[in-house]
Structures are given as C-alpha cells and as structure tokens.
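See structure below.
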Amino acid sequence: MRKEISENRSFRWKNWKTVLRMGAYLRPHAWGYAIGVVIISISGVLTLMVTRLWGQLGGVGTASSMKDGVAGAAPDASLDFLPFDLNSLTEIGWLILIVLGIQAALSFTRVVLFAKMTEDMMLAMRKDAFEAIISMPMGFFDTRRVGDLNSRVSADVTSIQDVFTTTLSELLRQLIIIVGGILALLYFSVTLTLLMLATLPVMIIAAILFGRFIRKLSKRTQDQVAESNTIVQETLTGITSVKSFANEAWELMRYVGSIRDIRSLAMKGAIWRGAFGSFIILFIFGAITLVIFKGAELMTTGGLASEHFFTFLLMTGLVAGSIGGIAAQFSALQRGLGAIESLMEMMDEPREVVETNEANAQKPVNLKGDVTFKDVYFHYPNREDIAVLNGITLRVAPGERVALVGASGAGKSTIASLLLRFHDPVSGDVSIDGTPLKDFPLSSLRKRMAFVPQEVILFGGDIRTNIAYGRFDATQAEIEAAARKANAFEFIQSFPEGFDTLVGERGVQLSGGQRQRIAIARAILRDPDLLILDEATSALDASSEKEVQLALDTLIKG
Numbered sequence: 172m173r174k175e176i177s178e179n180r181s182f183r184w185k186n187w188k189t190v191l192r193m194g195a196y197l198r199p200h201a202w203g204y205a206i207g208v209v210i211i212s213i214s215g216v217l218t219l220m221v222t223r224l225w226g227q228l229g230g231v232g233t234a235s236s237m238k239d240g241v242a243g244a245a246p247d248a249s250l251d252f253l254p255f256d257l258n259s260l261t262e263i264g265w266l267i268l269i270v271l272g273i274q275a276a277l278s279f280t281r282v283v284l285f286a287k288m289t290e291d292m293m294l295a296m297r298k299d300a301f302e303a304i305i306s307m308p309m310g311f312f313d314t315r316r317v318g319d320l321n322s323r324v325s326a327d328v329t330s331i332q333d334v335f336t337t338t339l340s341e342l343l344r345q346l347i348i349i350v351g352g353i354l355a356l357l358y359f360s361v362t363l364t365l366l367m368l369a370t371l372p373v374m375i376i377a378a379i380l381f382g383r384f385i386r387k388l389s390k391r392t393q394d395q396v397a398e399s400n401t402i403v404q405e406t407l408t409g410i411t412s413v414k415s416f417a418n419e420a421w422e423l424m425r426y427v428g429s430i431r432d433i434r435s436l437a438m439k440g441a442i443w444r445g446a447f448g449s450f451i452i453l454f455i456f457g458a459i460t461l462v463i464f465k466g467a468e469l470m471t472t473g474g475l476a477s478e479h480f481f482t483f484l485l486m487t488g489l490v491a492g493s494i495g496g497i498a499a500q501f502s503a504l505q506r507g508l509g510a511i512e513s514l515m516e517m518m519d520e521p522r523e524v525v526e527t528n529e530a531n532a533q534k535p536v537n538l539k540g541d542v543t544f545k546d547v548y549f550h551y552p553n554r555e556d557i558a559v560l561n562g563i564t565l566r567v568a569p570g571e572r573v574a575l576v577g578a579s580g581a582g583k584s585t586i587a588s589l590l591l592r593f594h595d596p597v598s599g600d601v602s603i604d605g606t607p608l609k610d611f612p613l614s615s616l617r618k619r620m621a622f623v624p625q626e627v628i629l630f631g632g633d634i635r636t637n638i639a640y641g642r643f644d645a646t647q648a649e650i651e652a653a654a655r656k657a658n659a660f661e662f663i664q665s666f667p668e669g670f671d672t673l674v675g676e677r678g679v680q681l682s683g684g685q686r687q688r689i690a691i692a693r694a695i696l697r698d699p700d701l702l703i704l705d706e707a708t709s710a711l712d713a714s715s716e717k718e719v720q721l722a723l724d725t726l727i728k729g
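In my numbering, each residue's number is its place in the sequence shown (first place is 1) plus 171.
Below is the structure:
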C-alpha cells in the first residue's frame, strides 16, 4: 500500500523544526537575503513617503484653491529634512518622480536578487531531493508510485520556489508598510488611528484560523496532484497495454476522476479564500468609511489639517490594502510550508549508503565469486504473511554457472535481489568469498556485479549510451566488442544511424529481443566478477540465444 501523508495533522513544533531545516539552503545566501531585506525596507519606507507626498500635494492644492491662488499649507515637521519647497506643487511633483524612480530601481534589484538566490537554492534542493530518491532502498520503491515521487521533486519544489521568490519578500514589504503606516497614522491623528485599528484583532484571529485550514487543504491538494501525476505516468509507461486492451476510456475515466477531485479541492480553497477576502474587505472598507466620517468632523472643527487628512486617507488605504494582501501571501506561505514538510519527510526516509559523488566514494572491492546462502528466510516487507524463501541453502563456486529452475513465484528473482542487496534476508546469511554481504561497501559490491533483469528497461537515449551505461569510460571499440559478444552488433549496424539510433522511451523502438541483447551487451561491457541473468534470454530466438550463451561461456572463462 502506498504511504499516505496524513491530511489532518496539525502544524506542531516538530513540523516547524522540519521547516527550519531550510536554513541549510538559506545559509549560503545569508548576506544576499540581508541585502534584500534592506532593499525591501527602503522600498517600504519610500512607499510611505510617496503616500505622504501625495497627501501634501492634495493639501497644497486645496489650500491654493481656498486662498484664491496663493499656495499654502500647514507646516509639517515630518518633511522638514527634504531640500524642497513643499508648498510648491511643481517641486512636490518632481520629488515624487524622483522617489518613484528610486523605487523602480530598487524593485528591479530586489526581483533579480531574490530570483538568483532562490534559483541557486532550488538547484541545491532539487539535487538533494533527487539524490535522496535514488539513494533509497528498493523497499522504498515497493511502497511508492513513480508519479508521487515525481510530484515531490517537481510540484513541491515549485511551491517552495514561489515562496522564496515572491511570497516572503512581498510579505515582508507589506508588514513594513503596515507597521510604518500605522506609526505615521498615529503621528497625524491618534483618534482616527485607534478607530481604524479596532478592526485588527478580528482580522488577525480570522487570519490564524484561515491559515490553519488552508495549510491542511493545501497538503490534500498536493497529494491529489501527485495522484493525478501517477495516473499519467502509469498510463504513458504502460501505453502498449492500454491500447492492446482498448482501455483508453478507462484510463481517461481514472484521470478525470482524479482531476475532478483536484478541482473540488481547489474550488473549496477558492471559496474559503473568497470568503476570507470578502470578510477582510468588509472590515477594511467599513473602517475606512468610519475614518472618513470622523476625519471630516475633525476638519470642520479645525482638529485636523487638510493635507494631513488627505495623507491619512491615502495611508489608510495603503495600510488596508497591505492587510488585505497579506491574506493571499499568507495562503501562499502556508502552501509552501506544506510543500517543505512533504519534501523533507520524503528526504528523511532511511537511505542506502551508496556512492553518489566523490565526497562519499567507497573503497573498490574484487570478488572471486564464491557465493553462499545459508539457511536464508525471506518475505517482502509489504507481504509478511507470504514466505518467499524458507531456509534455503546453496553455494556457487567461483567460475561456476548455476541455473535456478522453478515455478513462477518460487523465489528465483528474489535470490538475485538478495545478492544485489535490493533486500536483506529476514534471517540467515548471504556471503561472497566468506564475507557477509552487509560488510561490503554497497556501491563497490554492486559495481562488481552485472544484472540483466527479466523485464529490460532502456533509457531514452541512443544505443551507444545504453550499452555504455555498464561502464561510462568505455571506448567505442569496447562498446562494439560487447555488442558483438551479445549478438547485437549485426542488428545495430542494420539501422541507418547505427550506434546513434535512438531507442525511444524505455526502449520502445526496439523489439523485446533487441532490448535484451542491448542489456546483455551492457552487462558484458561491465566485465563483472558476478553476472546475474534473470531469464535474460527469454525473448531471444533459438539461434540468437545459442550465440549469446557461447558469448557468456567465453565471458565466464575469462
């Protein structure tokens, strides 16, 4: 059964600790983000400054009309530091243009800076996620579907990318505008500001409740997207079976059912976001209406200057807009947190100790090929009630060729998987040259083996690349020699492009027998100490099988 992620789990401290592990990706860019925070802070202050200047512009214009063309407005100490005549409409206009120009330059710098840092982070995160997946034991893949894993690397990382590219910077900018704006509003009128702030507690409580709900809903949506990706992956992978059984309608029905569930969840989220947005707007505009009414009263009694009232109205709208915008940013942040949690949970799964780069390179080993199974018992982890091997004991001497014969499901392929340490025995010992398999470095052990499975899967490149997968440093002459030994050279040369012929997705451009001979050539090129064939010649005709067997005889003797 595929492992499911609980969709009702609350965001407890342990989940925050998972999210805080993003610090490892943020740390190399600490200075860049610090500079970004400074830029955002300056940009937020400039936004407030422009709003104040707009208010001054309106106040000066009002004063001009009331004084028959003689400009004048109440002095304001908050703008005394500026070397401009703030009773002149022209100078105020030029000052606004200068500030907007600086803001535009800062905005461009911020976007490019955050994009670069985020792309570098996502590069590292995608690399780590993919490295984690390919380092998982085979038991991990027995309980997961490919589409789900693909979604973790693609959809989840994209959600995280959105958070660090735009969401966090916008959230910080809006918070700066809200805090700075409220302080400015208090400067102009404490009474009006307190009146406006009376609505904030209700909005904050609503935002907290909304955030919790959206996070859970986002995780459900991400899981459902992964499910739909899995259906697409399985359908395209098995397209031959789909078409041979004329099951296009069935697969379409499966996919439509899945995307309808996604639509249902998306609409549920949209309804809640819309309701939350409407709720916020109702309170914000209700507060603005009340503020305008009270401000007009203060103006008539001389308690508030006209330019201050204009500024107060503009800044109230700016603060209200930022509070309303936080709802969308908060929702995106919750989706990102859910994606981080899902991705980190996957990356925390126990891994094999394998060689993925020079930093974790393993010491090479050489095998004589003395294989021993002693009283081995085994069942698959997800089928504990079905014993596959019951106390099996066998020995294969170096240079000896042994064929395992038995009914389907008797455990022949299981013995091969135990040798490759795809799985470990439940009890008993498997050893090579007297050394238990667990004592060998895993990658080094597998490098001295070659395995040709019953179902051959080729990679979607050319024939040369697929054969060279057995040894990447092989020369063209060595690749051709391996193809000859596997009785593949003749049919390869019959193609117009020869070894450059593309094999198609999973090798669909080749016949079953051709795919098996390519896989055998790959194994021969590896020149292993231990060669494991899992019914690898089952798709060959009698003549080709005989030639391959002769080649294998030569390989074993060598």
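Every residue gets a Cβ at the ideal spot worked out from N, C-alpha and C, and that includes glycine. Bear in mind the structure is a predicted one, so any value in this text is a computation, not a measurement.
If you check the beta carbons only, do residue 436 and residue 392 fall under 8 Å apart? In this structure, residue 436 lies near residue 392, with their beta-carbon atoms less than 8 Å apart.
In its own chain, which residues sit with a C-beta less than 7 Å from the C-beta of residue 289, not counting the 5 before and 5 after it? Result list for residue 289: 332, 335 and 336, in chain order.
Residue of 211, 296, 306 and 268 minimising C-alpha distance to residue 195: Closest by alpha carbon: 296.
N-terminal and C-terminal residue of the beta strand (DSSP E) that residue 545 is part of: Residues 542-549.
Please report the distance separating the alpha-carbon of residue 192 from that of residue 198. So the two alpha carbons sit approximately 10 Å from each other.
Can you list, in chain order, the stretches of the alpha helix (DSSP H) that have 4 or more residues and sit fully within the segment 404-443? Taken in chain order, the whole alpha helix (DSSP H) runs of length 4 or more contained in the segment 404-443 are 410-415.
Nearest CA to the CA of residue 700: which residue from 652, 542 and 580? Considering only alpha carbons, the answer is 542.
Assuming residue 697 and residue 642 form a contact by the criterion Cβ under 8 Å, report the distance between their Cβ atoms to the nearest whole angstrom. About 6 Å separates the CB atoms of residue 697 and residue 642; that is less than 8 Å, so the two are in contact.
May I ask you to list the residues that DSSP assigns as paired with residue 566? Under DSSP, residue 566 forms a beta bridge with 543.
Quick one, which of 396, 309 and 217 has its alpha-carbon nearest residue 345's? Closest by alpha carbon: 217.
Taking the beta strand (DSSP E) that residue 701 belongs to, which residues open and close that run? Residue 701 -> beta strand (DSSP E) spans 701-704.
Where do the ends of the beta strand (DSSP E) carrying residue 361 lie? Where residue 361 is concerned, there is no enclosing beta strand (DSSP E), although the alpha helix (DSSP H) it sits in stretches over 361-368.
Mapping DSSP to helix, strand and coil, what is residue 720? In the structure shown, residue 720 sits in a helix (DSSP, three-state: H, G or I).
Determine the closest residue to residue 389 out of 468, 562, 409 and 326, with distance taken between C-alpha atoms. The shortest C-alpha separation from residue 389 is found at 326.
Whole alpha helix (DSSP H) runs in the segment 305-344 with 4 or more residues, listed along the chain? List check, alpha helix (DSSP H) in window: 309-313, 317-322 and 328-333.
Do the CB positions of residue 316 and residue 300 come within less than 8 Å of each other? Residue 300 sits away from residue 316, with the two beta carbons spaced by 8 Å or more.
Expressed to the nearest angstrom, what Euclidean distance is found between the alpha-carbon atoms of residue 243 and residue 228? Residue placement at residue 243 is poorly supported in this model, since its pLDDT is 46, which falls under 50; the coordinates are not used for a value here.
Contact belief for residue 659 with residue 688 at Cβ below 8 Å, rounded distance in angstroms: That pair is a contact at about 4 Å.
Examine the Cβ distances between the segment 629-639 and the segment 659-673 and report whether three or more of them are shorter than 8 Å. Because the criterion of three Cβ pairs below 8 Å is met, the segment 629-639 and the segment 659-673 touch.
Name the DSSP beta bridge partners of residue 559, please? Paired residue(s): none; residue 559 is not in a bridge.
Endpoints, alpha helix (DSSP H) assigned at residue 662: Unbroken alpha helix (DSSP H) run through residue 662: 660-665.
According to the neighbour-count rule (16 or more other Cβ atoms, all chains shown, within 10 Å of its Cβ), is residue 653 buried or exposed? Result: buried.
Entirely enclosed alpha helix (DSSP H) segments - the segment 568-632, minimum 4 residues: DSSP runs (the alpha helix (DSSP H)) wholly in the segment 568-632: 583-590 and 613-618.
Simplified DSSP assignment, three categories, for residue 475: Residue 475 falls in the coil class under three-state DSSP.
Exposed or buried, which one is residue 328 when buried takes at least 16 other CB atoms within 10 Å? Sixteen is the threshold: when 16 or more other Cβ atoms of the shown chains lie within 10 Å of the Cβ of residue 328, as they do, the residue is buried.
Taking a contact to mean a Cβ-Cβ separation below 8 Å, would you say residue 385 touches residue 440 in this structure? The criterion of a C-beta distance shorter than 8 Å is satisfied by residue 385 and residue 440.
Does DSSP classify residue 145 as helix, strand or coil? With the chain covering 172 to 729 only, the question about residue 145 has no answer from this structure.
Take residue 330 as the anchor and find which of 510, 531 and 312 has the nearest alpha-carbon. Of the candidates 510, 531 and 312, the residue whose Cα lies closest to the Cα of residue 330 is 510.
Could you tell me which of 666, 359, 459 and 576 sits nearest to residue 706, measuring between CA atoms? Closest option to residue 706, Cα to Cα, is 576.
Strictly under 8 Å for the Cβ-Cβ distance: is residue 584 near chain B by that measure? Annotation note: the requested chain B is absent from the structure, which comprises a single protein chain.
Alpha helix (DSSP H) containing residue 640: first to last residue? Counting along the chain, residue 640 falls outside any alpha helix (DSSP H), and DSSP gives it neither H nor E.
Residue range of the unbroken alpha helix (DSSP H) whose run includes residue 647: 647-656 is the span of the alpha helix (DSSP H), which, as asked, contains residue 647.
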